[in-house]
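Here the protein sequences line up with chains A and B, keeping their order. Take 1 as the starting number for the first sequence in this note's numbering and just add one per residue. Take 1 as the starting number for the second sequence in this note's numbering and just add one per residue. From the three backbone atoms N, C-alpha and C, an ideal C-beta is built for every residue, glycine too. Remember, it's a predicted structure, so these values are computed and weren't measured experimentally. Read through the structure below, which is laid out as structure tokens, and then see the notes.
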Amino acid sequence: MAIDPAVIGKVLPSHEALAERGRLRFFAKAIGETNPIYSDVEAAKAAGHRDLPVPPTFLFCLDMEKPDPFLLLRELDIDVRHILHGEQAFEYHSPAYAGDTLAYTSTVTDTYSKKGGALDFLVRNTEVTRDGELIARLTNTLVVRNPKAQK
Amino acid sequence: MKTGDVLPQLELAGISRTTLALYAGASGDHNPMHIDLDVARSAGMEDVFAHGMLNMAYLGRLLTNYVPQENIRSYSVRFASITPLHGKPTCTAAVTKVEDGVAHLDLTVALADGTVTLRGDAVVAA
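Here is the structure:
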């Protein structure tokens with residue numbers, strides 16, 4: 001079942017997320033990052049940062065802090081068990097640090113099918129800002145497996 | 001940084017259930033397909049599998065080991081295949097082009113059996 005192209009242009013509810021130091025330390029632990037600038041504020045400051053830097057992919061994680069991260073999938077009647085992360089891109093404009101409150105605004109920019117409808121794609125662009133300043137742009141492509149589709 | 005430079009590769013230990021539980025909590029990605037065997041089986045999978053973004057975070061470590069993070073202009077990947085439980089990813093990067101003050105890197109994550117799980121590229125201030 002192809003995703004209705006009417007979803008293109010849909011703007012998702014915006015949200016704000018605080019980059020917490022404790023959370024960044026937990027993330028560093030989870031990915032095995034041992035460089036002290038990602039866990040020790042003094043080491044970060046000695047390296048010229050004003051606080052712990054938000055690591056390159058963590059901006060994606062704060063997007064999951066919205067009240068209902070699977071809202072769009074439910075609205076589109078997509079089973080969360082059938083999604084795969086297809087592609088992810090980050091364009092960085094300004095560094096983000098622990099203590100920053102970041103605002104997220106996402107827009108659905110494309111949807112298309114491949115393999116005779118066995119795979120649907122859903123593309124979303126997200127702007128991340130801090131006090132109105134652009135921090136980064138994220139592009140997320142989800143793949144939806146349709147187990148019952150004709151091959 | 002010059003064309004042909006190969007960054008020191010990053011070899012990870014096998015991804016355990018603990019790794020995935022920690023990553024789910026730390027990343028905020030609670031998709032049960034990565035942490036709940038019952039749900040994975042109900043979707044026809046043999047077992048849970050790793051978050052694609054865990055691979056992307058590992059590869060990010062390789063980049064920030066090599067260049068100051070603020071030099072990274074863009075970083076994008078395509079997830080080519082899933083990383084099964086106990087898979088041992090190896091992250092590699094090579095400089096393909098340096099011009100106009102920026103270096104372009106080709107990025108790959110592969111498993112011990114040669115399966116490529118991720119291909120990507122990054123642009124960094126040279």
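Taking Cβ-Cβ distances shorter than 8 Å, what residues in chain E pair up with residue i?
i, result
"residue 82 of chain A", "No chain E is part of this structure, whose protein chains are labelled A and B."
Going by the beta-carbon positions, is the gap between residue i and residue j smaller than 8 Å?
i, j, result
"residue 8 of chain A", "residue 108 of chain A", "yes"
"residue 10 of chain B", "residue 61 of chain B", "yes"
"residue 24 of chain B", "residue 34 of chain B", "yes"
"residue 57 of chain B", "residue 88 of chain B", "no"
Check the Cβ-Cβ distances between residue i and every residue of chain B, and say whether any is below 8 Å.
i, result
"residue 112 of chain A", "no"
"residue 29 of chain A", "yes"
"residue 57 of chain A", "yes"
"residue 15 of chain A", "no"
"residue 20 of chain A", "no"
"residue 127 of chain A", "no"
The alpha helix (DSSP H) spanning residue i covers which residue range?
i, result
"residue 58 of chain B", "52 to 66"
"residue 100 of chain A", "Residue 100 of chain A -> no alpha helix (DSSP H), and no H or E assigned at all."
"residue 23 of chain A", "21 to 30"
"residue 45 of chain A", "41 to 46"
"residue 13 of chain B", "Looking at the DSSP string, residue 13 of chain B is not in any alpha helix (DSSP H), and its letter there is neither H nor E."
"residue 41 of chain B", "37 to 42"
Looking at the secondary structure, which residues open and close the beta strand (DSSP E) in which residue i lies?
i, result
"residue 122 of chain B", "116 to 125"
"residue 94 of chain A", "Per DSSP, residue 94 of chain A belongs to no beta strand (DSSP E) and is neither H nor E."
"residue 75 of chain A", "Segment 71 to 75 is the alpha helix (DSSP H) holding residue 75 of chain A; no beta strand (DSSP E) there."
"residue 137 of chain A", "133 to 145"
"residue 121 of chain A", "119 to 130"
Taking CB distances under 8 Å as the criterion, tell me whether residue i reaches chain A.
i, result
"residue 52 of chain B", "yes"
"residue 93 of chain B", "no"
"residue 69 of chain B", "yes"
Per DSSP, which one or two residues make a beta bridge with residue i?
i, result
"residue 77 of chain B", "A:88, B:120"
"residue 13 of chain A", "DSSP lists no partner for residue 13 of chain A."
"residue 102 of chain B", "B:99, B:125"
"residue 83 of chain A", "A:144"
Using 8 Å as the Cβ pair cut-off and three pairs as the minimum, do the region 87 to 95 of chain A and the region 73 to 86 of chain B touch? Three or more Cβ pairs drawn from the region 87 to 95 of chain A and the region 73 to 86 of chain B lie within less than 8 Å of each other, which places the two stretches in contact.
At least 3 beta-carbon pairs within less than 8 Å: the region 122 to 135 of chain A vs the region 13 to 22 of chain B: Not touching, per the Cβ criterion.
Is it the case that the region 27 to 42 of chain A contacts the region 50 to 60 of chain A, given that we only count it when at least three CB pairs across the two stretches are under 8 Å? Three or more beta-carbon pairs separated by less than 8 Å link the region 50 to 60 of chain A to the region 27 to 42 of chain A, which places the two stretches in contact.
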